[in-house]
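Chemist: I'd like to ask some things about the structure below.
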Amino acid sequence: MEPSTGKLVLLTTGWILASGAIALSVAVLLTELLGVFGVVDRSGSGYGVSLRILTVAIFVVLATVPFVFRARFRADTEDPS
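So for the sequence shown, numbering that gives the first Met the number 0 puts the first residue at 0; every next one is plus one.
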């Protein structure tokens with residue numbers, strides 16, 4: 000295994016873990032804001048559902064960003080000739 004492969008695996012693992020933490024924090028904040036504006040009842044089941052939906056959606060977006068940009072940058076750096 001090349002050192003660059005190990006570095007890529009470590010950075011990817013770190014990014015995935017950070018994405019999970021960021022997603023959960025932002026989802027809690029957004030769900031609380033929805034509760035403040037009366038969109039979600041804090042004591043009802045909608046609170047947990049909205050928290051889960053927001054967490055998964057934010058995590059998926061954050062987790063896929065490096066892979067999308069990696070493919071895009073690889074395509075940009077390839078010689079078209």
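Idealized CB from N, CA, C, for every residue including glycine.
(1) Compare the C-alpha of Val64 against each of Thr11, Thr4, Pro2 and Gly5 and name the closest.
(2) From Phe58 to Gly13, what distance separates their C-alpha atoms?
(3) Using a 10 Å radius around the Cβ and a threshold of 16 neighbouring Cβ atoms, would you call Thr54 buried or exposed?
(4) What is the residue span of the alpha helix (DSSP H) that Glu31 lies within?
(5) Return the chain-ordered list of same chain residues with a C-beta closer than 7 Å to the C-beta of Ser49, the five sequence neighbours on each side being excluded.
Modeler: Taking the structure as given:
(1) As a position in the sequence shown, residue 64 is number 65, starting the count at 1. Val64 has its Cα closest to that of Thr11, out of Thr11, Thr4, Pro2 and Gly5.
(2) Position 59 of the sequence shown, counting from 1, holds the residue named residue 58. Position 14 of the sequence shown, counting from 1, holds the residue named residue 13. Whole-angstrom Cα-Cα distance: 13 Å.
(3) On the sequence shown, residue 54 is found 55 positions in, with the first residue counted as 1. The residue is buried, with at least 16 neighbouring Cβ atoms inside 10 Å.
(4) Translated into the one-based positions of the sequence shown, residue 31 becomes position 32. Element bounds for Glu31: Pro2 to Val35.
(5) Residue 49 sits at position 50 when you count from the first residue of the sequence shown. The answer, listed in chain order, is Thr30, Leu33 and Val39.
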